[in-house]
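The block underneath contains the structure these notes are about, expressed in structure tokens.
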Amino acid sequence: MSRSAPARRLLTAALAAALPAAALAVVAAAPAHAAGGAFPAHYSAPYLEIDSSTAGDLAADLSASGDKFYTLAFLTPKSGCTPMWERGGDPVGAFKSQIGSLQSAGGNVIVSFGGAAGGELAQTCTSVSSLTAAYANVVNTYGVTRLDFDIEGSVLDDTVSNARRDQALAALQAQYPNVQVDFTLPVDPGGLPTNAMNMLKDAKSKGVKVNLVNIMTMDFGDGQNALNDAESAANGTAPQLASLYGITTAQ
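Numbering-wise, the sequence shown is residues -34 to -1, 1 to 217 according to mature numbering (1 follows the signal peptide of the UniProt record, and there is no 0).
So, in structure tokens, the structure goes:
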């Protein structure tokens, strides 16, 4: 399912399926410079496609709007194992002062890889150890403990790169056990499509501890009521995740 990518991209997640504590294995070890406010049980983190024109002053935005959390999109391949910020081609390390000011003010960010158009780092970085190092560099550079992977389109069917990503993420979490991994995935009115479920199954089999799954409840293209489709998608996804992770739909 195609997805548009405006400058400030908000993916409406009708379901954010938090997985059980046993699946998180959060322990004391942390990235070298973990910073910022803790994510509560319920929060919003709108997508900001960040570049020099949109980064602004995130701490001032927090003060003005009350929004403490942002999902920064998207890190995509520059070449090989080197990611860049998709919108402006900025390197990892850009916007560090804005992010740091937000964290000092009690806010925080989730860093998102992938997206609809820019490509996915696991496709261009063919070494698991180098991919793990690239993820670790992002974690330590920005002092973050939340990574999001927006996987859609043909990337969902690229089982080789999906397996590579999963191996790298499992290795990253072994090194930094408090790093949480989120997936943002396309959804149909009946729930997650087969390729999305297969990707989650592979992540589970590789030992990735998934924190939550966001579903993109938009652009269904079926001519039906969008709200009804979103509710149907959430209701269809809940039992799929419950079955995969051995939890109840209430969790």
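Cβ coordinates follow ideal geometry from the N, Cα and C atoms, glycine included. All values derive from a computational prediction rather than experimental measurement.
Provide the residue(s) that pair with N74 in DSSP beta bridges, ordered along the chain.
According to DSSP, which records beta bridges pairwise, N74 is partnered with F35.
Going by beta carbon distance, what residues of the same chain come within less than 8 Å of K62, once the five residues before and after it are set aside?
Within the same chain, K62 has close Cβ partners T107, Y108.
Would you kindly report the start and end of the unbroken alpha helix (DSSP H) that includes T90?
Element bounds for T90: 87 to 90.
Which residues bound the beta strand (DSSP E) around E15?
Unbroken beta strand (DSSP E) run through E15: 13 to 15.
Which partner residues of M50 appear in the DSSP bridge assignment?
For M50, which the question treats as bridged, DSSP gives the partners T42, P57.
For A(-14), count neighbouring C-beta atoms within 10 Å of its own C-beta (all shown protein chains included) and say buried if the count is 16 or more, exposed if not.
Low per-residue confidence applies at A(-14): pLDDT is 29, beneath 50, and the placement is therefore not dependable enough to give any value.
Leaving aside the five residues before and after V(-8) along the sequence, list all residues of the same chain whose C-beta is less than 8 Å from its C-beta, in chain order.
For V(-8), the pLDDT reaches just 31, beneath the cut-off of 50, and the residue's location in the model is therefore unreliable, although a value from the coordinates is still provided. Result list for V(-8): P143, N144, in chain order.
Relative to the alpha-carbon of A102, which residue among P6, L135, D123, P205 has its alpha-carbon at the smallest distance?
The shortest Cα separation from A102 among P6, L135, D123, P205 belongs to L135.
Tell me V176's beta-bridge partners as DSSP assigns them.
Paired residue(s): V147.
Determine the DSSP secondary structure at G119, reduced to helix, strand or coil.
In the structure shown, G119 sits in a helix (DSSP, three-state: H, G or I).
Grouping DSSP H, G and I as helix and E and B as strand, with all else coil, what is D188?
Here D188 sits in coil by DSSP.
Let's test the definition: count the other Cβ atoms within 10 Å of the Cβ of K34 and tell me whether it reaches 16, buried, or not, exposed.
K34 comes out buried.
May I ask which residues mark the beginning and end of the alpha helix (DSSP H) holding A129?
125 to 141 is the extent of the alpha helix (DSSP H) around A129.
Rank T111, T20, A26, A82 by C-alpha distance to the C-alpha of A4 and give the top, closest one.
The shortest Cα separation from A4 among T111, T20, A26, A82 belongs to T111.
As a quick exercise: from F79, L138, M184, pick the residue whose alpha carbon is nearest that of G173.
Comparing Cα positions, the closest option is L138.
Please classify E151 as buried or exposed, where buried requires at least 16 other C-beta atoms within 10 Å of its C-beta.
For clarity, residue 151 is Leu in the given sequence; the question names Glu instead. So L151 counts as buried.
Can L24 and V94 be called in contact, C-beta distance under 9 Å?
No, the pair does not count as a contact, with Cβ atoms beyond the cut-off.
Looking at the unbroken alpha helix (DSSP H) that takes in residue 305, where does it start and where does it end?
What the structure shows of the chain is the stretch from -34 to 217, and residue 305 is not part of that stretch, so it cannot be assessed.
Since L166 and F149 should fall inside the 8 Å C-beta cutoff, what is the C-beta to C-beta distance between them, to a whole number of angstroms?
Indeed they touch by this definition, with Cβ atoms about 7 Å apart.
Going along the chain, which residues of its own chain have a beta-carbon closer than 8 Å to the beta-carbon of P43, five neighbours each way excluded?
The answer, listed in chain order, is P49, M50, G84, G85, E86, L87, Q89, T90, C91.
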